[in-house]
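Okay, structure first, notes after.
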């Protein structure tokens with residue numbers, strides 16, 4: 383993402399206000415929060431609010447910045463304030479007064495709006511990418527989601543039909559006692575549940591959103607805001623313009639600001655820079671898990687930082703019969719020259735620490751391990767495995783990759799490695815939106831066998847599930863990042879053990895075991911672990927740059943202040 387202010391004339395003085403221009407990935411635009419990915423959180427933050435949120439970091443090791451703080455809620459429930467039951471399964475939230483919707487009557491945001499948000503994340507047309515987290519945690523939410531999906535197989539997918547089902551059925555574990563009091567009951571205690579509540583999927587949603595299909599261009603163009611900005615104009619896939627929300631009261635929002643008069647999001651499909659006016663040395667800010675990050679980003683104290691990314695890795699579409707023999711999958715793991723990819727990153731991202739990866743979970747995340755069952759770059763052994771499996775050259779494998787970041791370079795390097803090892807492979811680049819759709823629905827996306835991908839953690843504490851559960855669990859509930867269709871009962875059992883663990887160390891051991899088994903199975907091929915990166919402190923003509931560590935160290939756009947002329 384590129385952040386730069388609009389420049390009408392040469393500047394002679396600086397003041398607050400002005401226009402903040404952001405060049406952002408298409409999928410990271412301020413979408414309907416019910417189906418926005420976690421990587422869109424820095425944009426969704428402009429116009430939505432959740433029960434809890436994150437505060438910016440005074441410095442990148444500020445421990446307070448990785449702990450959720452109350453947003454729509456007056457307090458984060460705990461046993462100390464009687465908001466968390468003794469079983470650690472019942473949370474009671476009291477709504478903050480003074481938070482209002484951008485509607486003609488400026489209606490207060492109520493507990494019922496949060497209930498609607500939980501329901502809407504389960505919609506069968508465009509379910510939230512974070513749904514699997516909540517489905518395995520909140521009482522009755524998985525059944526609600528699967529029943530709605532089953533009903534949708536023989537019903538129209540129009541807004542009226544979706545709203546009718548949503549409003550006629552309830553999630554047993556999410557209910558409002560009154561306008562100001564919300565109760566969420568869990569199926570089991572969860573060390574990370576409060577962190578999950580800061581994701582876009584947990585946003586409050588007004589009744590006006592029922593008039594639109596979730597994730598549709600119409601929904602994105604008619605969002606009702608309760609944050610500091612509201613959408614004024616929108617052209618799908620090209621740009622979004624946000625202006626200050628007159629219904630927003632700073633006194634009722636402790637953690638957001640509205641420094642710019644207007645925020646313009648110019649959307650890029652990853653094939654090239656978005657249409658924007660020239661700027662002098664714009665700030666590059668990493669937000670979405672684009673392969674390779676962004677060139678102007680700066681490392682965040684690599685060795686001691688939380689939140690290292692798995693960037694990049696190879697994803698295998700295990701629905702394809704080419705991977706039925708495990709020796710063919712093992713040949714892929716042995717063929718990739720990870721050291722060469724590391725050199726590529728060091729050339730294009732100098733100063734950003736990377737490590738050759740053998741494990742699924744990177745450093746600085748719960749469940750990390752240093753084991754590596756497959757040494758890097760051993761094409762001779764890969765050829766031997768293919769020969770023992772009786773694998774014959776046929777139609778080249780299709781390796782898809784995003785156009786953004788270092789996706790093309792990584793894909794072509796891996797394709798060359800696989801071809802040399804006896805697996806002819808063709809790299810196919812896709813615009814970011816098409817790439818995301820191909821991962822989301824691989825059975826209907828044109829027949830790819832491999833994909834270059836990256837994964838950035840969605841939060842930083844007790845976060846083993848953002849890798850192991852999201853990427854590995856076989857579940858009938860949509861969402862997550864198990865795009866290859868991996869299914870292993872032993873791994874699922876380890877994930878359940880981690881989710882049930884009352885102590886962090888027990889959970890970490892189970893996450894580690896699940897990740898080790900999946901890497902040995904070659905569900906994915908880890909290539910590199912990359913240190914977290916943040917925006918420069920003082921990019922040209924933008925003040926107030928402050929990172930949000932749990933959101934990939936992205937800039938808090940509500941606090942970014944462009945320089946403007948007097």
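Residue numbers (this note's numbering): 383 to 948. Every residue, glycine too, gets a C-beta built ideally from N, C-alpha and C.
Report the start-end ranges of each beta strand (DSSP E) in the stretch 721-809 that is 3 residues or longer and not cut off at the edges. With a minimum length of 3 residues, the continuous beta strand (DSSP E) runs that stay inside the stretch 721-809 are 736-738 and 779-784.
Between the stretch 880-898 and the stretch 699-709, do three or more beta carbon pairs fall short of 8 Å? With the cut-off at 8 Å, the stretch 880-898 and the stretch 699-709 do not touch.
List the endpoints of the continuous beta strand (DSSP E) containing residue 911. Counting along the chain, the beta strand (DSSP E) containing residue 911 begins and ends at 910-912.
Where residue 872 falls, given that 16 or more other Cβ within 10 Å makes a residue buried: exposed
When the Cα atoms are used, what is the spatial distance from residue 590 to residue 498? One alpha carbon belongs to residue 590, the other to residue 498, and they sit about 11 Å apart.
Does DSSP classify residue 475 as helix, strand or coil? strand
Let me know the secondary structure DSSP gives residue 465 once reduced to three states. coil
I think residue 714 touches residue 805, with their Cβ atoms under 8 Å apart; what is that distance to the nearest whole Å? 7 Å
Boundaries (first-last residue) of the alpha helix (DSSP H) holding residue 359: Here the chain comprises residues numbered 383 to 948, so residue 359 is not present and cannot be evaluated.
Taking the alpha-carbon of residue 762 as reference, which of 431, 719, 484 and 638 has the nearest alpha-carbon? Nearest C-alpha to residue 762 among 431, 719, 484 and 638: 719.
DSSP three-state label for residue 899, please. helix
Among the candidates 745, 905 and 711, whose CA atom is the shortest distance from the CA of residue 770? 711
Do residue 428 and residue 625 come within 8 Å of each other at the CB atom, strictly closer than that value? no
Name the residue from 415, 426 and 416 whose alpha carbon lies nearest to the alpha carbon of residue 406. Taking only the C-alpha atoms, the option nearest residue 406 is 426.
What ranges does the alpha helix (DSSP H) occupy inside the stretch 582-613, keeping only unbroken runs of at least 4 residues that lie completely in it? 599-603
Would you give the residue range spanned by the beta strand (DSSP E) that residue 849 belongs to? First-last for residue 849: undefined, no H or E at that position.
Exposure label - residue 938; buried when at least 16 CB within 10 Å: buried
Is residue 432 buried or exposed, if buried means 16 or more other CB atoms sit within 10 Å of its CB? Around the beta carbon of residue 432, a 10 Å sphere encloses 16 or more other beta carbons of the protein chains shown; the residue is thus reported as buried.
Could you check what DSSP says for residue 572 in three-state terms: helix, strand or coil? Coil.
Is there contact between the stretch 562-570 and the stretch 530-544, where contact requires at least three CB pairs shorter than 8 Å? no
Taking contact to mean at least 3 C-beta pairs separated by less than 8 Å, is the stretch 734-748 in contact with the stretch 687-702? yes
Compare the beta carbon distance of residue 510 and residue 422 with 8 Å and say whether it is the shorter of the two. no
For residue 695, does the three-state DSSP call read helix, strand or coil? strand
Grouping DSSP H, G and I as helix and E and B as strand, with all else coil, what is residue 499? helix
For residue 577, three-class secondary structure by DSSP: helix
Where do the N-terminal and C-terminal ends of the alpha helix (DSSP H) with residue 928 fall, by residue? Here residue 928 belongs to no alpha helix (DSSP H), and DSSP marks it neither H nor E.
The alpha helix (DSSP H) spanning residue 620 covers which residue range? Counting along the chain, residue 620 falls outside any alpha helix (DSSP H), and DSSP gives it neither H nor E.
Quick one: grab the DSSP three-state call for residue 484. coil
Report yes if the CB atom of residue 751 is closer than 8 Å to the CB atom of residue 897, and no otherwise. yes
Three-state secondary structure assigned by DSSP to residue 944: strand
What number of angstroms, rounded off, separates the C-alpha of residue 837 from the C-alpha of residue 495? 31 Å
Would you please state the rounded distance, in angstroms, between the beta carbons of residue 694 and residue 792? I believe it to be under 8 Å. 5 Å
In the structure shown, what three-state DSSP assignment does residue 939 receive? coil
Please classify residue 446 as buried or exposed, where buried requires at least 16 other C-beta atoms within 10 Å of its C-beta. exposed
Same chain only: Cβ atoms within 6 Å of residue 876, ignoring 5 sequence neighbours per side: Excluding residues within five positions, the ones whose Cβ falls inside 6 Å are 892, 895 and 896.
Residue 843 burial status per 10 Å Cβ neighbour count (16 or more: buried): buried
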